[in-house]
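The letter at position 297 of the sequence shown is residue 306 when you use the working numbering, and the numbering goes up by one with no holes.
Cβ coordinates follow ideal geometry from the N, Cα and C atoms, glycine included.
Below is one structure; the comments refer to it alone.
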Amino acid sequence: MQPPAPKLEPIPRPKSWIRARGRRNLREVVRRLELHSADLNREREELLRWQEEAYQEEKLAQKVYQHIVARGLKDAPGVHRMVSPRSMFNGDMVLAASGPGGLLRMMVGDFTGHGLSAAIGSLPASEVFYSMTHKGFSISDVVSELNKKLLTLLPRGMFCAAVIWDVDQTTGQMSVWNGGMHDVLIQGPLGLRDRLQSRHPPLGILSVKDFRSDTENRLLHVGDRILAYSDGVLDASNDARERFGQERLERTFLSSNDAEGFFSSLIDGIAGHCGAAEQVDDITLIEYDVQPLQPTPLASSADLASAPEPSTWQLEVTLGPDALRSTDPVPMVVDAIMNIQGLHGDRRRISTIVAELYSNALHHGLLRVDSSLRCSPAGFAAYFEECKSRLATLQDGQIRISLQHRPRSDGGTLDMVFEDTGEGFDHTAPRKPSCAFGGRGRTIVQSLCEDLRYEGRGNRVLARYRWRIGGPEAPD
10 MQPPAPKLEP IPRPKSWIRA RGRRNLREVV RRLELHSADL NREREELLRW
60 QEEAYQEEKL AQKVYQHIVA RGLKDAPGVH RMVSPRSMFN GDMVLAASGP
110 GGLLRMMVGD FTGHGLSAAI GSLPASEVFY SMTHKGFSIS DVVSELNKKL
160 LTLLPRGMFC AAVIWDVDQT TGQMSVWNGG MHDVLIQGPL GLRDRLQSRH
210 PPLGILSVKD FRSDTENRLL HVGDRILAYS DGVLDASNDA RERFGQERLE
260 RTFLSSNDAE GFFSSLIDGI AGHCGAAEQV DDITLIEYDV QPLQPTPLAS
310 SADLASAPEP STWQLEVTLG PDALRSTDPV PMVVDAIMNI QGLHGDRRRI
360 STIVAELYSN ALHHGLLRVD SSLRCSPAGF AAYFEECKSR LATLQDGQIR
410 ISLQHRPRSD GGTLDMVFED TGEGFDHTAP RKPSCAFGGR GRTIVQSLCE
460 DLRYEGRGNR VLARYRWRIG GPEAPD
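This is how it looks when you write it as structure tokens:
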């Protein structure tokens, strides 16, 4: 049996060696921290540089965006705008521009979403708006092109609720297309005189075939005030999630006498209502105070030189049930007149006449829809739903549209005849509008035409439009 191995005791290291190793470890830790800190500083500097570049690019994009979108009228008499975007880029747009023949056109649009993604759609939309307005195209033409453009460019699920309206500053006529926006309010001397509700889906949803561009028309008076706004005004909420709402907006609008007082009261009202709550949506408004009528502007020498000579021509088209369901003939008829005679300065007025007479022949002549449904603003929705339902089931009947043009020494005369196969009405009896909302279309057409008369059993109407070289002129 061997003896046990001796137990080895560890040899203690000198304390100086331990301290030296600790210093080496500490220096290594410090070195690594310094390297890491340097890396963090470099990354921080790169991040700050990237943020600055992104900010400058965003500022440049914003400047270009504002230049393109807001290049319209800035100091037009009676036009007042208020814009409060939620972020640097605005998903709302408010546009105003003038066109030939005393045209003043305004638009409020509200794209899906907020910020840059929503603002992108404003660029092509504003380009279409300004270009076609300056060339004198009608609202129907403009909204049709806007819908086509946005339908092509916008991704699925993105669209633009919009209201666009014209004011003819030589006649006081107003034409409105409202697609998905809140009511346009018209204030008269005695309070709220009218509200123009949405009759169409927003732009960028319906196909070109299904899209409808028909407008509503009104006669304005000096001193009337028109207000359009985005839903950011109504959706402004406090910490309790209580909306500012339609009632507060209308009360503020009707209690003010001018745009300056209205905007000031509205800003104070929204601020007082919302308190410290964060703004949740873009806020946009435009108000127009109707100005005194202006004399009809004369056409430029370039326009006169390029206009076709007055000539004799006639054109006729007949539409049966299938064509009436699938086609809006108003743009087609107006385009035919422009292509043959080149009355571009008169386009808006001719478009209004054609639209009103066609609507009357279809809704009242063929479909026999009761006009008393329109005796309240709320009844308009029921009226148009009834028109849509009856048109879908229409089995027979037709509308014939005849155009005849004759030259005169200083211009020409355009006769537009609309004849339907409906029962007609007693046009010799005194006119009795069914309510305050009735008969306005006929009044507007009469104000634009040299002559307007019903014939036969009331199912045929002739509108005679007189145009003069140098520009449109209201009938004597």
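For residue 433, the CB contacts under 7 angstroms within the same chain, skipping 5 residues up- and downstream, are 465, 466, 467 and 468 in chain order.
Taking residue 129 as reference, the option from 146, 193, 396 and 169 with the minimal CA-CA separation is 169. When the beta-carbon positions are compared, residue 460 and residue 370 stay at least 8 angstroms from each other. Judged by pairs of C-beta atoms under 8 angstroms, the segment 341–350 touches the segment 315–327, as three or more such pairs exist. Pairing residue 135 with residue 45, the inter-Cα distance amounts to about 51 angstroms. Of the residues 110, 320, 287 and 267, the one whose Cα lies closest to the Cα of residue 304 is 110.
When C-beta atoms of the segment 149–168 are compared with those of the segment 194–207, fewer than three pairs fall below 8 angstroms, so the two segments do not count as touching. DSSP, reduced to helix, strand and coil, places residue 141 within a helical segment of the structure shown. Residue pairing for residue 101: DSSP places it in a beta bridge opposite 119.
Residue pairing for residue 476: DSSP places it in a beta bridge opposite 421. Between residue 253 and residue 263, the C-beta gap is not smaller than 8 angstroms, which leaves the two residues out of contact. In the three-state scheme derived from DSSP, where H, G and I count as helix and E and B as strand, residue 373 is classed as helix. For the 8 angstroms CB-CB criterion, residue 396 and residue 376 form a contact.
In chain order, 105, 107 and 113 place their CB closer than 8 angstroms to the CB of residue 85, counting only its own chain and leaving out the 5 sequence neighbours on each side. In this structure, the alpha-carbon of residue 49 lies about 12 angstroms from that of residue 57.
Residue 401 has its alpha-carbon roughly 7 angstroms from the corresponding atom of residue 334. The beta-bridge partner set that DSSP reports for residue 114 consists of 106 and 175. Counting only residues of its own chain and dropping the five nearest sequence neighbours on each side, residue 176 has a CB closer than 6 angstroms to the CB of 113 and 183. The alpha-carbon of residue 281 is positioned some 18 angstroms away from that of residue 240. The beta carbons of residue 417 and residue 145 sit no closer together than 8 angstroms. A straight line joining the alpha-carbon of residue 195 with that of residue 270 spans about 17 angstroms. Ranked by how close their Cα comes to the Cα of residue 339, the residues 321, 267, 462 and 360 have 360 in first place. Straight through space, the alpha carbons of residue 437 and residue 156 are spaced by roughly 42 angstroms. Residue 222 sits away from residue 289, with the two beta carbons spaced by 8 angstroms or more.
In this structure, residue 47 sits away from residue 118, with a CB-CB distance that is not shorter than 8 angstroms. Spatial neighbours of residue 227 in its own chain (CB-CB distance under 6 angstroms, excluding positions within 5 residues in sequence) are listed in chain order as 183.
In the structure shown, residue 230 adopts coil according to DSSP, grouped into three states.
Straight-line spacing of the CA atoms in residue 475 and residue 425 works out to 11 angstroms. Separation of the CB atoms of residue 115 and residue 297 is rounded to 6 angstroms, and the pair is thereby assigned contact status at 8 angstroms. Here the alpha carbon of residue 293 sits roughly 17 angstroms from the alpha carbon of residue 283. In this structure, DSSP gives residue 190 a state outside helix and strand, which the three-state scheme calls coil. For residue 412, the closest C-alpha among the options 393, 470, 398 and 33 is that of 470. DSSP places residue 261 inside the alpha helix (DSSP H), whose first and last residues are 254–263. In its chain, beyond the 5 residues on either side, 477 and 478 have a beta carbon closer than 8 angstroms to the beta carbon of residue 419. The Cβ-Cβ distance between residue 217 and residue 205 does not fall below 8 angstroms.
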